[in-house]
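K.L.:
The structure follows.
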Amino acid sequence: VKLSTEYGGKSQLNLGHLVDAKKQKRGEGVELRTDDWGVIRAGKGIFISADAQPKAQGPVLDMNAALAQLKNALHLVNALAQSADVSGALAADTQAQQGLQQALSGLQKAGLLASAPAGIGLATPANLQLSAGQNLIATAGDSADVSVFKRFSLAAGEAVSLFAQKLGMKLIAARGAVDIQAQSDAMTLQAHKALTLNSISDEITLNAEQGITLVSRGAYIKLKDGAIEIGAPGEIRVKGATVQVSATASLEKSLSAMTLKDPVYANPMSGRFQIKDAASNELKPYVAYRMATADGSLVHGVTDAEGYTQRHHGLDPQNIQLFFD
-7 VKLSTEYGGK SQLNLGHLVD AKKQKRGEGV ELRTDDWGVI RAGKGIFISA
43 DAQPKAQGPV LDMNAALAQL KNALHLVNAL AQSADVSGAL AADTQAQQGL
93 QQALSGLQKA GLLASAPAGI GLATPANLQL SAGQNLIATA GDSADVSVFK
143 RFSLAAGEAV SLFAQKLGMK LIAARGAVDI QAQSDAMTLQ AHKALTLNSI
193 SDEITLNAEQ GITLVSRGAY IKLKDGAIEI GAPGEIRVKG ATVQVSATAS
243 LEKSLSAMTL KDPVYANPMS GRFQIKDAAS NELKPYVAYR MATADGSLVH
293 GVTDAEGYTQ RHHGLDPQNI QLFFD
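Quick note on my numbering: the sequence shown kicks off at -7 and runs consecutively.
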C-alpha cells in the first residue's frame, strides 16, 4: 500500500511490501518519509517501542516491557542510594524517578516513552543536547562509559558527590598538574588503612599559617608561632652521625591568598509562573510568551496545559518580565 504526493518534494506512506518506481523491492514493514519537514505530535503523549506485539494483540499502550525496565532502574538506584547515604555521600533523588515513572505509566501525563529490547542509539556529526527543566536521571545495570576527546567539564550549583561502593576510585592525570582546592572551607583526607604521600622527583612541602601538628599514639611534634614543640609519653630518641645546634634560623614560605573569584550566591532559585486571566481568573494554557531576565536573556515558550511557563533557574533572585504575543 502506498500513499504518496509530489507536493514539496516526495512525501509517502508505504505499508507492507515496499518497492521503488521500478517495482524493485526496498524492504518490508512501514515507512513514512518526506523530502520536507516531518512532525509527530500527540497532545496526550507518545509511546515508541520496538517490543513485539504479534498480530496486533493487546492494548495499544501495552508498555509492560518498558515499565519493567524503569522499575528495575529504580530498584538499582534505591539500593545504591541507601549505600551512599550510609557512607556519608549524597544519595540520589529517587522521588523524582518515581514521579517520572508514574507519569509515563499508561501515559497518564503528556510524556514520551521510548523502548527497545536490543538497544537505542542517538548519533549526529554535530551537537547533541540533553536538557531537563528539573531532574536529569541516568541509570545503568552494568557500566557507564563517557569518553571525550578534548575537555570534560562538570559544574554544580550546590554540591558534587562521587561514591564507589566496592572497588575504589582513581583520579589520574597523565600530564599536567592536579589542583584540588577548598576555597572557602576545610579539607579532609582520611583512610582506614595507610595514607601515603610520595614525590617521585621533587620535594614535599607542608605549609600552614596557624601551625602544623603531627600526632601518633600520644607522641607529637608541633610547629607553631616560630617554635617547635616535641612531646611523648615515652622516650625521645635522636639518632644521627652528628647533631648540630646553632643560632636561630627561619624559612618563610608565603601562602597565596585563596579568594573566591566568583560571587557568592546565597539564594539559588528555581521556579515557574502560572498564567491566569486577570478578569475571569481562568488558567491560560498554550499561550505563547517571552520571558526577559535581568541579565538581558530572552526565553520564548508556550504555557502548558495548566497554564505554567517553563521552569526558570537562577543563582540569585532577580527581576523577571513576561510578555505575551
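All C-beta atoms, glycine included, are put in the ideal place defined by N, C-alpha and C.
Which stretch, first to last residue, makes up the beta strand (DSSP E) that contains V69?
P.N.:
The sequence position of residue 69 within the sequence shown is 77, counting from 1. It is not in any beta strand (DSSP E) - V69 instead sits in the alpha helix (DSSP H) that spans 56 to 79.
K.L.:
Should Y257 be labelled buried (16 or more other beta-carbon atoms within 10 Å of its own) or exposed?
P.N.:
Counting from one through the sequence shown, the residue named residue 257 turns up at place 265. With a pLDDT of 48 at Y257, under the threshold of 50, the modelled position of this residue cannot be trusted, and the question is left open.
K.L.:
Do you know offhand how far D171's Cα is from I213's?
P.N.:
Counting from 1 along the sequence shown, the entry for residue 171 is found at position 179. Counting from 1 along the sequence shown, the entry for residue 213 is found at position 221. So the alpha carbons of these two residues sit roughly 28 angstroms apart.
K.L.:
To which residues of the same chain is K17 closer than 8 angstroms at the C-beta, ignoring the five residues directly before and after it?
P.N.:
Taking the first residue of the sequence shown as 1, we reach residue 17 at position 25. For K17, where only same-chain residues beyond five positions count, the Cβ hits under 8 angstroms are H9, L10, V11.
K.L.:
In terms of residues, what are the limits of the alpha helix (DSSP H) holding T86?
P.N.:
What you label residue 86 is simply residue 94 of the sequence shown in a count that begins at 1. Note, T86: alpha helix (DSSP H), 86 to 96.
K.L.:
Are three or more beta carbon pairs between the segment 76 to 83 and the segment 117 to 133 nearer than 8 angstroms?
P.N.:
Segments in contact, no.
K.L.:
Give the straight-line distance between the Cα atoms of F39 and A106, rounded to the nearest whole angstrom.
P.N.:
Walking along the sequence shown from the start, residue 39 turns up at place 47. Walking along the sequence shown from the start, residue 106 turns up at place 114. Answer to the nearest angstrom: the Cα atoms are 6 angstroms apart.
K.L.:
Check this for me: beta carbons of R264 and F315, under 7 angstroms apart or not?
P.N.:
Taking the sequence shown and counting its residues from 1, the one referred to as residue 264 is at position 272. Taking the sequence shown and counting its residues from 1, the one referred to as residue 315 is at position 323. Contact flag unset, no.
K.L.:
With distances taken from CA atoms, which of S(-4), V22, T197, Q93 is nearest L59?
P.N.:
Indexing the sequence shown from 1 puts residue 59 at position 67. The option with the nearest alpha carbon to L59 is Q93.
K.L.:
Can you tell which of K63, Q313, S176, S41 has its C-alpha closest to the C-alpha of G111?
P.N.:
In the sequence shown, residue 111 corresponds to position 119, counting from 1. Ranking the options by Cα distance to G111, first place goes to S41.
K.L.:
Buried or exposed: where does M179 fall if 16 or more other Cβ atoms within 10 Å of its Cβ makes it buried?
P.N.:
Locating residue 179 in the sequence shown gives position 187, where the first residue counts as 1. Answer is exposed; the Cβ neighbour count stays below 16.
K.L.:
Where do the N-terminal and C-terminal ends of the beta strand (DSSP E) with E221 fall, by residue?
P.N.:
Sequence index remark: in the sequence shown, residue 221 carries index 229 (1-based). First-last of the beta strand (DSSP E) with E221: 219 to 223.
K.L.:
Can we say the segment 63 to 74 touches the segment 44 to 55, given the rule of at least three CB pairs closer than 8 angstroms?
P.N.:
No: fewer than three Cβ pairs fall under 8 angstroms.
K.L.:
Expressed to the nearest angstrom, what Euclidean distance is found between the alpha-carbon atoms of Q266 and Y300?
P.N.:
By 1-based counting over the sequence shown, the position of residue 266 is 274. By 1-based counting over the sequence shown, the position of residue 300 is 308. In a straight line, the C-alpha of Q266 is about 4 angstroms away from that of Y300.
K.L.:
List the whole-angstrom C-beta distance separating V294 from A280, where the pair is believed to meet the contact cut-off of C-beta under 8 angstroms.
P.N.:
As a working mapping, residue 294 is identified with position 302 in the sequence shown. As a working mapping, residue 280 is identified with position 288 in the sequence shown. With a Cβ gap of about 5 angstroms, V294 and A280 count as contacting.
K.L.:
Leaving out five residues before and five after L62 in sequence, what residues of the same chain have Cβ atoms less than 6 angstroms from its Cβ?
P.N.:
By one-based count along the sequence shown, residue 62 stands at place 70. If we look at L62 and ignore the five residues flanking it on each side, its Cβ neighbours are Q93.
K.L.:
Whole angstroms are fine: how far does the CA of A71 sit from the CA of T131?
P.N.:
In the sequence shown, counting from the first residue as 1, residue 131 sits at position 139. In the sequence shown, counting from the first residue as 1, residue 71 sits at position 79. Cα-Cα distance, rounded: 12 angstroms.
K.L.:
Just how far apart, CA to CA, sit G133 and I204?
P.N.:
As a working mapping, residue 133 is identified with position 141 in the sequence shown. As a working mapping, residue 204 is identified with position 212 in the sequence shown. So the two alpha carbons sit approximately 46 angstroms from each other.
K.L.:
Should G103 and L96 be called a contact, given that it needs their Cβ atoms to be closer than 7 angstroms?
P.N.:
Locating residue 103 in the sequence shown gives position 111, counting from the first residue. Locating residue 96 in the sequence shown gives position 104, counting from the first residue. Yes, the pair counts as a contact, with Cβ atoms nearer than the cut-off.
K.L.:
From Q89 to S272, what does the alpha carbon distance come to, in whole angstroms?
P.N.:
Within the sequence shown, residue 89 is the residue found at index 97, counting from 1. Within the sequence shown, residue 272 is the residue found at index 280, counting from 1. Each residue's alpha carbon lies about 36 angstroms from the other.
K.L.:
What are the boundary residues of the beta strand (DSSP E) that includes Y212?
P.N.:
Stepping through the sequence shown from its first residue, residue 212 is reached at position 220. Start and end: 211 to 216.
K.L.:
Quick one: grab the DSSP three-state call for P255.
P.N.:
What you label residue 255 is simply residue 263 of the sequence shown in a count that begins at 1. Because the pLDDT at P255 is just 48, under 50, the model does not fix this residue reliably, and the point stays unresolved.
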